[in-house]
Every structure is written in structure tokens, then in C-alpha cells.
Amino acid sequence: MRIALPVAAAGVAAAVAAALMTSSAGAATALPQPTVKPATSSASLAELERRVAGALAGDDTAGETTTKSSYSASTSSSSGDAADSSVSPMVIGGTETTIASAPWMAQLWYYDDQGTPDDESDDLGFFCGGAVVAPTKILTAAHCVKGYDWYNHGAVVTGTAQLPSTDDAGNTDLHGGTVTLPDRQWYHPSYNSTTIDNDIAVITLAGAVKATPIRMTTSGDTASYAAGTSAKVYGWGRTSSTSQDISETLKTATLPVQSDSTCAGYYGSEFVKGHMVCAGNPASGSDSGTTSACNGDSGGPLVVNNRIVGVVSWGVADCVAEGAYSVFAKVSTYVGAAYPRVDDTNISGDHKADLWVRNSSTRTGYSKDSNGSSFAARVSWGNWDGVNVVLQTDLDRDGYQDLVYRRSSDGDVFWSHFVQSSGSWTTKQLADNWKTRTRIVVPGDVTGDYLPDLLSVDSGGYLWIYPGKGNGSFGTRVKVGSGWNQYNSLRGHGDFTGDGKTDLIARQASTGYLYLYKGTGKSGTGAFSSRIKVREWAGYNAFDAVGDISGDGRADFLARTPGGTLYLYKGTGKATSEIFATRISVGTDFKQYDIFG
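So the sequence shown is residues -27 to -1, 1 to 570, counted in mature numbering (1 follows the signal peptide of the UniProt record, and there is no 0).
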């Protein structure tokens, strides 16, 4: 849990100038901020390096089945420790590359000594690959995650093309890389460990890494999967079918994407169309003439045009059986489920979006932790007088939830966020005199660069995008269009349609109609598709979108009746009148609140 009880008298630092400001505007309102419990509280650098060293000597693989071979790997070679063995630095048939060419590559090390005196027979150690898709997020394979406790036994290394090594004294050399604690894990709820189907997962790190992220492709991408498309696979996997050695150096190989019919022609029903994609020329039956992913590459990316289109999943044992292909989880199918995990920062850090509200009479702010279909008892955040907008977000993508709020007296907008390095909160001014802005929204990444953006509607009804830079500052604003003042509610947090793009939900004041604006991943006038009427909602007077409340990978919505009953509308991923499931009452006492985060 990232945020515990509030400190009643904690102040907020003075505001500083920011990108949206037109002039300086004084200090932010002094508001209480919660005490944050760092996620790194139980794993020191020495402990993480111990895990890496243990995994280096491991001889296990993750996600093995009786019918096919997952491409996770043991790390001990046939001639000794992988860290000390001499192996060809390439995928089977591939070539060595540098971390500069693939700065988003991550090494996933897992070691569990089972807590017994026997340091060999029952130890569990294995290796997988992964890709940094946000500063605290690693996209990998579900078979590398399900059934394993990454928080207590895992370590993730980024920023280096070399695998770690150990010396005779047991010291671990990361070769310039950075080791980080995995804080929490998610895998696709429909993952099948027997068939290795729905094989996609996200590991959330305890702290942000400096590695440059790579984006997943979108659900509408078909061009990347056309037969013959040139794709690149990256990893540290086995370099030969005759040795268990994995590569000490990052390598890459170019593979042609194959059609579904070609893949199914070889694998039969084991290849699930739409869920999987295969790539590579048919294997020759030996190392010579074969270019393929292999054990140790599991979880690594298949890349087309600088987007992840596949995650290394499975193949044949020893990787070179005649006619075989490498099989990947098809990212376009799963981006709708994975994207909410990339943008899932909430109060408690449990993959379920929480609720922030303010009492209208006492001005006390409260958080309410999501239980999936209800909310837990509220927790006070102290007095939040003097503001008229509060929004939950994570503008710097550091894994800690931020708040954006507007001061009532002058309309200045501030960003309050936790700084992990100092263990304290700080506040930065974002905008000066936004009294006349009728709507302010922080829905996540609108422009398709995985950096959270800010939107506002001015007094003339024009919607503007302020492209985020990932550090609480913004680029030059871009106009989307006019007519947005017809809506008395404009909300968004994540992807409502399952296509991996951020959407908006707007409620028309005159009719009560609810409209969906599907995000396109672009900026400017093309940022959203034409609106789609999804509901007729005349019986509500407050709305909120805080993300995935239920934890099922879809963005949800909240609506309150004038009588104070708050309903949860779970998202279905459909861009139609069926966009939400049947409503669920989550409380009848919400009339008392005038601000929903």
C-alpha cells in the first residue's frame, strides 16, 4: 500500500512557475497530504543483488507445460554458471546489439531459496525478458509471472546490454545496469498455463527507472501483422539448440511475420488465431539455417516500427525443429487489458482505482479504497477548503498517485505529488487564473506517447490539449475544437473501449445524453473520433471516472443521483449503448460530497 493515514498538519511547498502559467501567482493553498509508505521498504540493494546472484545459478524454467515449451530459461549452463560461461552473443541466427538500440529492454531475475538449509535441490531460479513500457512498468509474459511472488523473490535489471556476473567472493556486477524491486504483478485473468494462451503480464516496479519506454501497438493495428512484415525480436535467450547457455549480451534477430494460416498449419489447434502471432522462416532442424527466439527470450518484445506487436511466448523444445516458428502473444489483442495496468496508479497501489471525495460542509477530503464492487470505509485527508477542483492522476508516472487541484480564490491550478527521493510532498503551479475554465480533465495519455496529458475547456467552449512531458510540465497547448460547453460533465481516466487509447465521457446538459469520445492517439482536431451516444442519463447530478475500479482491465464510471446514491458502472470495452454493465449501488450517503476526484 502506497498511501496510509494523513498527517493532519503537513503543509504543501510553495508553488513554482510551470509551462501553463502566464505569470507568477504566489503560493499554493496549504493542504494536508497523506503519509506515503515507500514500496521499497523491504528490499535493500544487497537483497536485490542476492536475488540476481541466486537466479544466475538457477536451473529452472517458468511456465513449462507438457504440450509445448515456454521460452523462459534456466541460467546455469551445461559447463557451469552462465555468468562465467563463454557463449555466442546472439539469438539463434541473430546478432549482438547494444542497449542504446533497445534502451527499453529489461532482465527479469527470479530466485526463491524456499527458506530451507538445502541450497540446491529445492531452490527456484529462472530468467525472463521484458520491456519497459512506462517508467515503473514492465511488459512481459504471463508464464513468467503467474504462480511466482516477484515482490519477495524477484529483481528487474534495466539499462545494460550485459547480463550480471558474480566473482569468487560472491559480489554481483550489474555492468552499469540498475536493479529495481518488483512491487506488484498482474497477468491476464484468462491466462491458461496449459495452453500458454493469453500470455501477457505487467510488473510494476517500486520506483521509476531511467530507461526510455517503448509503446505497445494499438488494437486497430493490422499492418504490423501482415504476412512478410519485417519484425525484430530482442533478448538474452539461448544461442544454440545443443546448449542451455543463455547469451551474456543482448541480441536481436529479424523475423518475417507469418500468416495465421501458416502458423496454424504447423501447430494446429495449439496456435490460437487472434491471441497469438508467429514469426520467422521455418526452422531448418538445426542451428544452421535457423533464426529463432529461444529459451530465455520469454517476455521480450517483438517490435515493428518501434512498437511492441508481440511478446515472446512459446515454441518447440530446443527451438529448431524443422518447420517450426516462434510464437508470440499478439499485443493488439491484449493492449486493451494491459493498458489500464500501465496507467493504474491509485491510492492503495492494488490495481484497482480508488475514490477521492470532499465533504461539502466540513471541507474534509476523504479517500475510499476500492474493493472491486464496493468501496472501503473512508480515510480522512484533512481539511481541503479553498479549492473547487481535485483530480486524481500521475503526471510523472512514478507509480505514486498525484493530485491536481484548482484554488477557488484566483483559479490557479496546482500539481501536488510525492517525491520518492526526499520522502515528502511538493507542489508545483500548473496554470494561472483558470477561473473561467469550465472543465479540467487529466485522463491519461491522449496523444499516444504514453505521457499523461492535461485537457481544459475555456469559457468559449474550446477544448485544449496540453501535451504532457512526463515530469509535470507541458508542451504548447493544441486546440481540439469548439462546442464543449454544451456538456455539464467531462470525465475520463483511461480506455473505455479496449483499444489501448484514452477516451472521454461527456454528458450533455440540455438532454442528459451521455456521449463517448473515442481517443485516436493523436493530437489536435483529430484527437477524438466523432461522438457516440451511449446512454440517456437525466437522473444523475455528479459523475466520476477514476480508472479501473473493478480490476478487470477496463475503465469504469461512477454516477450519483440527487438523493445521494452512487452507482458503479463497470466498463465492458464496447463503444455502444452496452459500454457499461448493469449498475451496482456502492452507497447511499454520497449527497454530502461536492468534489469527486
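Quick reminder that beta carbons are idealized off the backbone N, C-alpha and C, glycines included.
Under the DSSP definition of a beta bridge, which residues are partnered with residue i?
i      : result
Val284 : Ala302
Glu295 : According to DSSP, Glu295 bridges with nothing at all.
His390 : Thr399
Tyr542 : Phe530
Thr68  : Thr225
Gly441 : Phe447
Pro274 : Val284
Ser429 : Ile413 and Trp437
Leu364 : Val377
By the three-class DSSP mapping on this structure, what secondary structure does residue i have?
i           : result
Ser203      : strand
Leu18       : helix
Gly421      : coil
Tyr435      : coil
Gly448      : coil
residue 617 : Nothing about residue 617 can be read from this structure; the chain reaches only from -27 to 570.
Gly238      : helix
Ser558      : strand
Asp233      : helix
Ala252      : strand
Gly27       : helix
Tyr307      : helix
Phe244      : coil
Tyr378      : strand
Ala196      : helix
Arg87       : Sequence check: residue 87 is Gln here, not Arg. If DSSP states are grouped into helix, strand and coil, Gln87 belongs with coil.
Tyr312      : helix
Ser(-5)     : Any answer about Ser(-5) is weak, because its pLDDT of 34 lies below 50 and its placement is not dependable; what the coordinates show is given next. If DSSP states are grouped into helix, strand and coil, Ser(-5) belongs with coil.
Asp405      : coil
Lys564      : helix
Asn279      : coil
Val289      : coil
Gly454      : strand
Asp57       : In this prediction, Asp57 scores a pLDDT of 29, lower than 50, which makes its location untrustworthy; no coordinate-derived value is stated.
When we look at the beta-carbon of residue i and count the other beta-carbons within 10 Å, is it buried (16 or more) or exposed?
i           : result
Ala200      : exposed
Pro535      : exposed
residue 577 : Residue 577 is absent from the model: the chain starts at -27 and stops at 570.
Lys511      : The question names Lys, yet the displayed sequence has Ala at residue 511. By the neighbour-count rule (16 or more Cβ atoms within 10 Å), Ala511 is not buried but exposed.
Ile552      : buried
Asp562      : exposed
Pro186      : buried
Thr484      : exposed
Thr366      : buried
Asp358      : exposed
Thr34       : buried
Gly238      : exposed
Gly445      : buried
Pro162      : exposed
Ala326      : buried
Lys224      : buried
Ala(-13)    : Here Ala(-13) scores only 26 on pLDDT, less than 50, and its place in the model should not be relied on; the value that follows carries that caveat. Ala(-13) is buried by the Cβ-count criterion.
How about residue i: is its C-beta nearer than 8 Å to some C-beta of chain D?
i      : result
Trp209 : Of the protein chains in the structure, only one exists, and it is not chain D.
>> Restricting to runs no shorter than 4 residues, where is the alpha helix (DSSP H) found entirely within the segment 458 to 522?
In response: Unbroken alpha helix (DSSP H) runs of no fewer than 4 residues, entirely contained in the segment 458 to 522, are not found.
> Are at least three pairs of beta-carbons, each pair with one atom in the segment 153 to 173 and one in the segment 123 to 131, less than 8 Å apart?
Replying inline: Taking 8 Å as the limit for Cβ pairs, the verdict is that the segment 123 to 131 does touch the segment 153 to 173.
>> Quick check for students: name the residue ranges of the beta strand (DSSP E) that lie wholly in the segment 153 to 192, counting only runs of 3 or more.
In response: As far as the segment 153 to 192 is concerned, its whole beta strand (DSSP E) runs of at least 3 residues are 155 to 160 and 174 to 178.
>> Three Cβ pairs or more, each shorter than 8 Å: is that satisfied between the segment 314 to 322 and the segment 271 to 291?
In response: Flag = no, the segment 314 to 322 and the segment 271 to 291 do not touch.
>> So within the segment 95 to 163, which uninterrupted alpha helix (DSSP H) runs reach at least 4 residues, ignoring any that extend past its ends?
In response: Every alpha helix (DSSP H) of 4 residues or more that sits fully in the segment 95 to 163 is shown, in chain order, as 123 to 126.
> Are the segment 161 to 173 and the segment 286 to 303 in contact at 8 Å, needing three or more beta carbon pairs?
Replying inline: Between the segment 161 to 173 and the segment 286 to 303 there are three or more inter-stretch CB-CB distances shorter than 8 Å, so the stretches are counted as touching.
>> Quick check: the segment 107 to 122 against the segment 70 to 88, are at least 3 beta-carbon pairs closer than 8 Å?
In response: The segment 70 to 88 and the segment 107 to 122 touch, with no fewer than 3 CB-CB distances between them shorter than 8 Å.
> Which runs of the beta strand (DSSP E), 3 residues or longer, sit entirely within the segment 314 to 359?
Replying inline: You should have 328 to 332, 337 to 341 and 352 to 356.
>> Would the segment 182 to 196 count as touching the segment 472 to 481 if we require 3 or more Cβ pairs under 8 Å?
In response: For the pair of segments examined, the segment 182 to 196 was found to touch the segment 472 to 481: the number of CB pairs separated by less than 8 Å reaches three.
> Do the segment 522 to 529 and the segment 451 to 460 touch if we need at least three Cβ pairs shorter than 8 Å?
Replying inline: The segment 522 to 529 is not in contact with the segment 451 to 460.
>> With a threshold of 8 Å, are at least 3 pairs of Cβ atoms found where one atom belongs to the segment 334 to 341 and the other to the segment 396 to 414?
In response: The segment 334 to 341 makes no contact with the segment 396 to 414, as fewer than three CB pairs between them are under 8 Å.
> Touch check for the segment 224 to 233 and the segment 241 to 260: three-plus C-beta pairs under 8 Å?
Replying inline: A contact exists between the segment 224 to 233 and the segment 241 to 260.
>> Could you check whether the segment 397 to 410 touches the segment 345 to 353, counting it as contact only if at least three pairs of C-beta atoms, one from each stretch, sit closer than 8 Å?
In response: Touching, no, given that fewer than three Cβ pairs across the two stretches are closer than 8 Å.
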